[in-house]
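Asks: Sharing a structure with you now.
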Ligand SMILES: Nc1nc2c(ncn2[C@@H]2O[C@H](COP(=O)(O)OP(=O)(O)O)[C@@H](O)[C@H]2O)c(=O)[nH]1
Ligand SMILES: [Mg+2]
């Protein structure tokens with residue numbers, strides 16, 4: 024009967040049971056490999072009360088199944104029972120099976136039964152230990168029980184704390200497990216996760232093909248995620264650079280009304296960013312993430328506004344190197360946006376009365392125009408933003424966020440902290456020629472023109488380069 028169950032599991036997709044002591048990072052490893060943030064992880068032991076299956080899924084197809092189990096609770100007592108029942112090594116697996124049958128409803132051994140059932144049903148065993156604490160003989164009973172099941176097994180050395188006791192673990196682990204690997208639940212990069220997954224094929228030959236396919240699907244999906252996130256950033260740039268707000272004024276020189284327009288544009292830009300952030304997080308299975316991100320600098324005529332935009336944007340040298348492309352656009356109004364304006368004219372509403380630029384002073388960051396309406400009254404068009412730093416700030420912020428999200432492990436439960444404006448910006452990595460090329464595109468977009476296919480391709484390529492850069496560094500340091 025046991026044979027039949029095993030065969031069934033073999034013919035199906037690979038199943039792995041993650042077992043070990045409580046609080047050693049079992050659930051964290053499941054969460055990482057399944058890219059599932061819903062796995063319950065906590066510093067309190069007993070958080071995983073019952074076994075639960077988490078599939079590794081790509082495009083709805085289940086590629087592999089991970090069983091998150093509670094940790095052993097009474098391995099010594101369980102082993103004692105089994106040793107009393109067993110006559111020889113020939114009956115070890117049957118003895119484990121009898122142990123489970125006998126104690127299924129015994130609350131003392133609930134955890135043991137829960138984790139042994141999937142293994143007896145044919146799941147491979149991933150035994151997780153914490154290499155930051157030393158080996159001790161109290162682990163022997165659980166390793167012995169696992170050996171008695173006769174299941175194919177691999178030991179994973181996780182390291183929760185700073186200390187390194189990995190070497191003390193190797194001799195005992197290699198007695199019980201043919202394969203011993205190090206895998207750090209919270210900070211293995213994607214490439215190492217895929218490596219581990221394909222490594223499971225060493226447990227069972229028939230898993231080689233499905234796990235190879237699983238790895239290919241994961242790699243293909245990751246590429247797709249990066250591509251989609253990259254075009255989402257291009258979309259963000261186009262919408263933010265072209266954004267303007269039009270609202271009625273009480274009078275031609277209604278300053279409160281104009282200030283309200285600036286505030287409204289700021290709010291709109293903030294929303295556009297938020298939407299992009301959420302879309303990118305959703306793309307990488309981080310939909311429920313909580314994020315702390317420094318906001319965009321203020322847009323109004325605060326004397327410090329220009330300085331703070333400079334801080335977030337290009338350096339002085341970078342601006343100067345922009346030459347003719349950037350023109351004299353070093354902070355002052357360069358080119359009054361026509362996006363919102365032409366929209367107004369297009370609807371036949373009125374004519375331009377005059378620029379309200381002077382009101383915002385020479386340091387202004389955003390183009391504003393006041394118009395007279397045909398039936399009387401005035402309106403102000405605020406935007407698009409013409410400051411030379413603006414597109415670079417948006418791009419740098421979005422790339423910083425995408426880098427963090429795309430490399431974030433799904434077992435991490437802390438808030439995502441996205442910090443900008445301090446130190447190096449990702450756009451510093453662009454070559455000068457590329458920066459000028461992008462500036463040309465940004466100039467078009469902030470004049471309210473829609474993006475061409477060729478421009479889109481240039482931007483996507485540049486962004487993809489910026490996003491992949493730190494991933495390469497990270498895998499080199501492994
Ligand atoms: N720093 C660090 N903490 C970890 C690591 N793996 C697990 N933890 C933490 O250890 C605690 C227990 O993890 P969990 O996955 O719930 O362990 P389980 O009881 O074996 O399932 C949680 O607070 C985790 O955040 C790791 O590799 N590094
Ligand atoms: Mg757990």
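Numbering (this note's numbering), first residue to last: 24 to 501. Backbone N, C-alpha and C define an ideal beta-carbon position, used for all residues, glycine too.
According to the Cβ coordinates, are residue 490 and residue 429 closer than 8 Å?
Replies: yes
Asks: Starting from residue 401, trace the beta strand (DSSP E) in both directions and tell me its first and last residue.
Replies: 401-408
Asks: Give, in chain order, every unbroken run of the beta strand (DSSP E) that is at least 3 residues long and sits entirely within the stretch 118-192.
Replies: The DSSP assignment places complete beta strand (DSSP E) segments of no fewer than 3 residues inside the stretch 118-192 at 147-153 and 176-181, in order along the chain.
Asks: Can you list, in chain order, the residues of its chain with a C-beta nearer than 6 Å to that of residue 165? Leave out the 5 residues immediately preceding and following it.
Replies: 95 and 98
Asks: Do residue 148 and ligand 1 come close, with the Cβ less than 7 Å from some heavy atom?
Replies: no
Asks: Tell whether a beta-carbon distance below 8 Å holds between residue 453 and residue 257.
Replies: no
Asks: At the level of alpha carbons, what is the spacing between residue 442 and residue 159?
Replies: 42 Å
Asks: Counting only the same chain and skipping the five closest in sequence on each side, list residues whose C-beta sits under 7 Å from that of residue 238.
Replies: The answer, listed in chain order, is 217, 220 and 221.
Asks: Confirm the yes/no value for this check: CB of residue 181, any heavy atom of ligand 1, distance under 7 Å.
Replies: yes
Asks: Let me make sure I understand the geometry here. Which of 281, 310 and 65 has the alpha-carbon closest to that of residue 50?
Replies: 65
Asks: Where residue 519 and residue 86 are concerned, what is the direct C-alpha to C-alpha distance, given to the nearest angstrom?
Replies: The displayed coordinates of the chain run from 24 to 501. Any statement about residue 519 would go beyond what the structure contains.
Asks: Here's the rule: buried if 16 or more other CB atoms are within 10 angstroms of the residue's CB, otherwise exposed. What is residue 43?
Replies: buried
Asks: Give the straight-line distance between the Cα atoms of residue 498 and residue 213, rounded to the nearest whole angstrom.
Replies: Low confidence applies to residue 498: its pLDDT is 37, below 50, so where it sits in the model is not reliable, and the reading given next is rough at best. Going by the C-alpha atoms only, they are around 9 Å apart.
Asks: Within its chain, find whatever has a CB closer than 7 Å to the CB of residue 208; leave out the 5 residues flanking it on each side and keep chain order.
Replies: Cβ within range, chain order: 48, 51, 52, 55, 181 and 434.
Asks: Can you say whether residue 176 is buried or exposed, counting buried as having 16 or more other CB atoms within 10 angstroms of its CB?
Replies: Here residue 176 is buried, its C-beta having at least 16 other C-beta atoms within 10 Å.
Asks: Under a three-way DSSP split, which group does residue 256 fall into?
Replies: Note: residue 256 maps to helix in three-state DSSP.
Asks: Since residue 91 is in the beta strand (DSSP E), which residue starts that stretch and which ends it?
Replies: 84-91
Asks: For the candidate residues 191, 110, 285 and 320, whose alpha-carbon lies nearest to that of residue 157?
Replies: 191
Asks: Take the Cβ of residue 299 as the centre, count every other Cβ of all protein chains shown within 10 Å, and call the residue buried at 16 or more, exposed below.
Replies: buried
Asks: Out of 227, 473, 392 and 486, which has the shortest C-alpha to C-alpha gap to residue 264?
Replies: 473
Asks: In terms of residue numbering, what span does the beta strand (DSSP E) encompassing residue 268 cover?
Replies: 268-272
Asks: Given residue 427, which residues of its chain have a CB within under 7 Å of its CB, disregarding the five upstream and five downstream residues?
Replies: Cβ within range, chain order: 439 and 441.
Asks: What residue from 271, 337, 232 and 297 has the CA that sits closest to residue 398's CA?
Replies: 271
Asks: Please name the residue or residues paired with residue 439 in a DSSP beta bridge.
Replies: 314
Asks: With 16 as the cutoff for other CB atoms within 10 Å, does residue 229 come out buried or exposed?
Replies: exposed
Asks: Identify the continuous beta strand (DSSP E) that holds residue 203 and give its terminal residues.
Replies: 202-205
Asks: Buried or exposed: which applies to residue 73, given that a residue is buried once 16 or more other Cβ atoms fall within 10 Å of its Cβ?
Replies: exposed
Asks: Given a cut-off of 8 Å on the beta-carbon distance, is the pair residue 179 and residue 215 in contact?
Replies: no
Asks: Can you look up residue 499 in the DSSP assignment and give me helix, strand or coil?
Replies: Reliability fails at residue 499, whose pLDDT of 34 lies under 50, so the model's placement of it is uncertain and no value is given.
Asks: Any heavy atom of ligand 2 inside 7 Å of the beta-carbon of residue 155?
Replies: no
Asks: Verify whether the separation of the beta carbon atoms of residue 93 and residue 137 is less than 8 Å.
Replies: Residue 137 sits close to residue 93, with the two beta carbons spaced by under 8 Å.
Asks: Please state whether the Cβ-Cβ distance between residue 260 and residue 425 is less than 8 Å.
Replies: Between residue 260 and residue 425, the gap from beta carbon to beta carbon reaches 8 Å or more.
Asks: Ligand 2 and residue 55: does the residue's C-beta get closer than 7 Å to at least one heavy atom of that ligand?
Replies: no
Asks: In the DSSP assignment, find the unbroken alpha helix (DSSP H) run with residue 300 in it and report its ends.
Replies: 278-306
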